[in-house]
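Participant: Respectively, the protein sequence lines represent chains A and B.
Residues in the first sequence are numbered consecutively from 1, following the working numbering.
Residues in the second sequence are numbered consecutively from 1, following the working numbering.
Handing you a structure now.
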Amino acid sequence: MKTIAQESQEIPINDHVQTDGTRWKIKEKLFLGLSKEEYKAQAMRNPVNWVLFIIFLVGLPLLATRYLGGLDTVTHSSNDYPWGLFLGFGLFGMVPLSASGFLLGTTVEIFGRKDFVPIERLALLNGLLGYFFAVIYLEVDLGMPWRLPYPMFVSLGPAAVLFLVAWHVATYLSVQIAEVAPSLFEWMGWLKAKRFIKSITIGLTIAGIILSTLHQGALGALFCYAPTKVHPLWLSTNFMWIHFFCSAIFAGLSMVIVVSTLCKYFMRWRCDERFLNAVDPLTVALGKGCAYALITYLVIKIVGIAHDNEWEYLLTDWGFYYTLELGLGALLPLILFTVGVKYGWPNVVRTAAVITVIGVVMNRLNTSLISFNWNLYQEIPRWQEIWITVTIFAVYFITYRFILYRLPILYEWKGEK
Amino acid sequence: MKKAVSRRKFLKGGLAGSAALSLTTAKRSEAKSFEGYPDAMGVLVDLSRCVGCRSCEAACNKEQGLPAPEKPFNDYSVFDEIHHGQKRRTDETRYTVVNKYEVPGMDHPLFRKIQCNHCQEPACLTSCFVNAYTKTPEGAVIYNPKVCVGCRTCMIACPFYIPTFRYSSAFNPRIMKCIFCYDTRLQYGKPPACVEACPQEALTFGKREDLINIGRQRIRENKGQYVSHIYGEHEAGGTSWMYLSPVDFDEVGFDTKVPKEPILNFVKDFLSIVPMVLTIWPALFAGIHLLATRKDAIKTKEETKGDK
């Protein structure tokens, strides 16, 4: 795509009309203005697609066996570890990384920081896709995936934490679709719909904050149902929800930094000047937010230990591992963010963001799998379970790329909007 | 006029709203002090009487129509089975299991039967977001497979590791757990199959209240033969199945760290912030929005004035 974009005047598409005055058709827009042969050729040239192909080659048959043969064909079907990697990574890991949507929405629309606009849409899209694929992971894990709407319409258990998660994720998904929709409407040229969404932006954004606070917290609160199973260092029944919510803040911001970095280096042809000029200073500015959230997180984690008086656990092997998680996953990026922000070094901030993303996923896996049943034994997922998890992530990647190639996320639409 | 009507409507709405609110809070405070149904039945298991004959396992298997086990019920080598360092547990083919424990200083082993303890305020029930579980007035915790989604939160929440999942089925999976023989026996006032099958009278069926008294009496009258604790009287907020043991409970595989209050209590901190966030956040963030964009608002106001 890079070379095509350099040689052609019309590609990448960023306007309703071509240079000769004729309008692009939706189909042509879908094919990025390339002919079918050209499109195929550029897809074949991309080595990333070959890696994805290999993942799917094994992953799709595995998914088929899971749906035709039952969960026990791909997982350990453990009664001691009812939740495995699909939820440990897919739900508990993906959701905090997708907090970006509500965070940047709040920054721009509520706090009035219009200087974050160039990166706002990327953050919103990152949020939408992350949630959507968290639901996909859930659909892989649920025993009866065809009953997904049951907690909404068929049989309601409103006193359960998961009820709140289900409703909030569902509502928040709709809110996020509405928030991302304007870029689709611009691309399609449906301006009326865009103006309508624009008129309810503040409402949508505030709804987003409420829903995010509660369900990010609720994911943590789910583990309060297992006070004897999760290791006390990872479980603070009083503060669990706020630990999860607070870590979602730097997780979401870091994820935007990581994705914008990938776009800057690997999808440069699709970015416009405005995005490319803004991405470095905005990275530093987001890093500042991360640093604030991280220091808060570290303190409230320590408060959690003090509150339950669990200091002695820190001297055990579990305590060592816990300190390692906090040290590498939170303290180290905190230092890097601080240095990066102080000296205005975007690449240091980017390094910190990558570490933070890994750190948050590590925390969620530690809570849901590794320190779970700490008194029993360790569950190591089967390779099939890992491969399916990677496969779904690959679908996520492809969808993400598909949208970024087309919709005005990384660039401003030139035509009327 | 129009205004007045709308205000009256508004007030009405407000009254209805607060009435509904007070109703729900009233319900909640009732739930806070729920101590179980008065006529709930239960079973008292006396570990000193159990000889590990596995008759209860066989009876359960037959009563509940579960698949035949790999090894017959008179094969006692199952007591040596170890998976992941753990003794046998319930799974999709068995609702109850008896395990053997060699206790140092005792000349004979002890046996412990596990099955659903039928909590007064069950964690499985309170964590279920589709209301698949019911605690019946007779004391049983039963399950409705027709609404279950298969999220397995109940298995996470159960402090006794009882509910299991039929992972082997792609199209008809469900939770598998002991239901106190509710369908076939308990609702007609009959004891569950395992109790009836026990040749040692190790299992005593009766009203939960009475069982606690019987338990205390046995402890009192047989000085030194039991530890002075009825496991299940307070564990997890109280259970319908309770245990007497001649040795410390943790020596015969019981989790003595199970809290003496319902598991739900640990989630209440979070549940109580939900209405607060729902009501405070809109005002808070709308306020911040107005504050943050105040300068811009003044600016545009002045600009429009200038245009005039």
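Note that the Cβ used here is the ideal one computed from N, Cα and C, for glycine as well.
Source: prediction; values computed, not measured.
Where does I380 (chain A) fall in DSSP's three states?
Facilitator: Looking at I380 (chain A) - three-state DSSP - the assignment turns out to be coil, as it is neither helix nor strand.
Participant: Out of A:S254, A:L129, A:L222, which has the shortest C-alpha to C-alpha gap to R350 (chain A)?
Facilitator: Closest by alpha carbon: A:S254.
Participant: Would you say Y238 (chain A) faces chain B, with C-beta separation under 8 Å as the test?
Facilitator: Just to set this straight, residue 238 (chain A) is Asn in the shown sequence, not Tyr. Output row for N238 (chain A): interface = yes.
Participant: Out of A:I209, A:A41, A:L30, which one is the CA nearest neighbour of T106 (chain A)?
Facilitator: When only C-alpha atoms are compared, the closest one is A:I209.
Participant: Would a check of beta-carbon distances place Q120 (chain B) closer than 8 Å to chain A?
Facilitator: For Q120 (chain B), the answer is no, since every Cβ of chain A falls outside 8 Å of its Cβ.
Participant: Counting only Cβ pairs nearer than 8 Å, list the residues of chain A close to Y161 (chain B).
Facilitator: Result: N79, D80.
Participant: Give the residues of chain B in contact with C224 (chain A), contact being defined as C-beta atoms less than 7 Å apart.
Facilitator: What C224 (chain A) touches in chain B: F266, V267, F270.
Participant: For C181 (chain B), does the three-state DSSP call read helix, strand or coil?
Facilitator: Coil at C181 (chain B), not helix or strand.
Participant: Cα separation between L97 (chain A) and A251 (chain A)?
Facilitator: Going from the Cα of L97 (chain A) to the Cα of A251 (chain A) covers about 5 Å.
Participant: When you compare each of A:D80, A:L91, A:A99 to T90 (chain B) by their alpha carbons, which one comes out closest?
Facilitator: When only C-alpha atoms are compared, the closest one is A:D80.
Participant: Taking the C-alpha atoms as reference points, what is the distance between E109 (chain A) and R147 (chain A)?
Facilitator: Going by the C-alpha atoms only, they are around 37 Å apart.
Participant: Ignore the nearest five residues each way along the sequence and tell me which others in F310 (chain B)'s own chain have a CB closer than 6 Å to its CB.
Facilitator: Shown here, chain B extends from 1 to 308; a query on residue 310 (chain B) therefore has no answer.
Participant: Assuming L419 (chain A) and P61 (chain A) are in contact, meaning their beta carbons sit under 8 Å apart, how far apart are those beta carbons, in whole angstroms?
Facilitator: Outside the shown range of chain A (1 to 417) lies residue 419 (chain A), about which nothing can therefore be said.
Participant: Between the segment 150 to 165 of chain A and the segment 146 to 154 of chain B, do three or more beta carbon pairs fall short of 8 Å?
Facilitator: Yes, the segment 150 to 165 of chain A touches the segment 146 to 154 of chain B.
Participant: Using alpha carbons as the reference points, say which of B:A140, B:G215, B:G42, B:I273 lies closest to W241 (chain A).
Facilitator: For W241 (chain A), the nearest C-alpha among the options comes from B:I273.
Participant: Kindly list the residues whose CB is nearer than 6 Å to the CB of F180 (chain B), restricted to its own chain and excluding five residues on each side of it in sequence; keep chain order.
Facilitator: Closer than 6 Å at Cβ, skipping near neighbours: H118, A140, L186, P192.
Participant: Whole angstroms is fine: what's the gap from L219 (chain A)'s alpha carbon to F320 (chain A)'s?
Facilitator: Their backbone Cα atoms lie some 25 Å apart in a straight line.
Participant: What's the call for F270 (chain B), buried or exposed, on a 16-neighbour Cβ count within 10 Å?
Facilitator: Flag for F270 (chain B) reads buried.
Participant: Closer than 7 Å, Cβ to any Cβ of chain B: which residues of the segment 149 to 166 of chain A, in chain order?
Facilitator: The segment 149 to 166 of chain A vs chain B, Cβ under 7 Å: Y150, P151, V154, S155, L156, G157, A159, A160, V161, L162, F163, L164, A166.
Participant: What are the partner residues of V43 (chain B), as DSSP defines its beta bridges?
Facilitator: B:F205, B:W241.
Participant: Give me the chain B residues within the contact set of W241 (chain A), using Cβ-Cβ distance strictly less than 8 Å, ordered along the chain.
Facilitator: Per Cβ cutoff of 8 Å: D269, F270, I273.
Participant: Decide if K342 (chain A) is buried, meaning its Cβ has at least 16 other Cβ atoms within 10 Å, or exposed.
Facilitator: Per the 10 Å Cβ criterion, exposed.
Participant: At a Cβ threshold of 8 Å, is C60 (chain B) touching chain A?
Facilitator: With 8 Å as the cut-off, C60 (chain B) does not count as an interface residue toward chain A.
Participant: Return helix, strand or coil for Q86 (chain B), following the three-state DSSP convention.
Facilitator: It is a strand residue.
Participant: Tell me the rounded alpha-carbon separation between T25 (chain B) and G329 (chain A).
Facilitator: Confidence at T25 (chain B) is low in this model, with a pLDDT of 42, below 50, so the placement of that residue should be treated as unreliable; the coordinate-derived value is given next. Computed Cα separation, rounded: 42 Å.
Participant: Could you tell me which chain B residues have their CB closer than 8 Å to the CB of A218 (chain A), listed as they occur along the chain?
Facilitator: Those within 8 Å of A218 (chain A) in chain B are F270.
Participant: Does the distance from the CB of Y188 (chain A) to the CB of A134 (chain A) come in under 8 Å?
Facilitator: Contrary to the premise, residue 188 (chain A) reads as Met rather than Tyr in this sequence. Going by C-beta atoms, M188 (chain A) is not nearer than 8 Å to A134 (chain A).
Participant: If you draw a straight line from the C-alpha of I200 (chain A) to the C-alpha of F102 (chain A), how long is it?
Facilitator: Using only the alpha carbons, I get a separation of about 15 Å.
Participant: Going by C-alpha distance, which of A:L326, A:F132, A:V354 is nearest I257 (chain A)?
Facilitator: When only C-alpha atoms are compared, the closest one is A:V354.
Participant: Secondary structure at S8 (chain A), three-state DSSP: helix, strand or coil?
Facilitator: Residue state, collapsed to three classes: coil.
Participant: Give the single residue among A:F163, A:A123, A:G415, A:L128 whose Cα lies nearest to the Cα of V130 (chain B).
Facilitator: When only C-alpha atoms are compared, the closest one is A:F163.
Participant: Could you tell me which residues DSSP puts in a beta bridge with L134 (chain B)?
Facilitator: The identity of residue 134 (chain B) in the sequence shown is Thr, whereas the question assumes Leu. DSSP output for T134 (chain B) lists B:I142 as bridge partner(s).
Participant: Please state the DSSP three-state secondary structure of I175 (chain B).
Facilitator: Strand.
Participant: Taking Cβ-Cβ distances below 8 Å as the criterion, which residues of the segment 100 to 119 of chain B are in contact with chain A?
Facilitator: Residues: none.
Participant: Cβ of Q176 (chain A) within 8 Å of Cβ of L124 (chain A)?
Facilitator: Yes, they are a contact pair.
Participant: With a Cβ-Cβ cutoff of 8 Å, do T171 (chain A) and L211 (chain A) count as a contact?
Facilitator: The answer is yes: Cβ separation under 8 Å.
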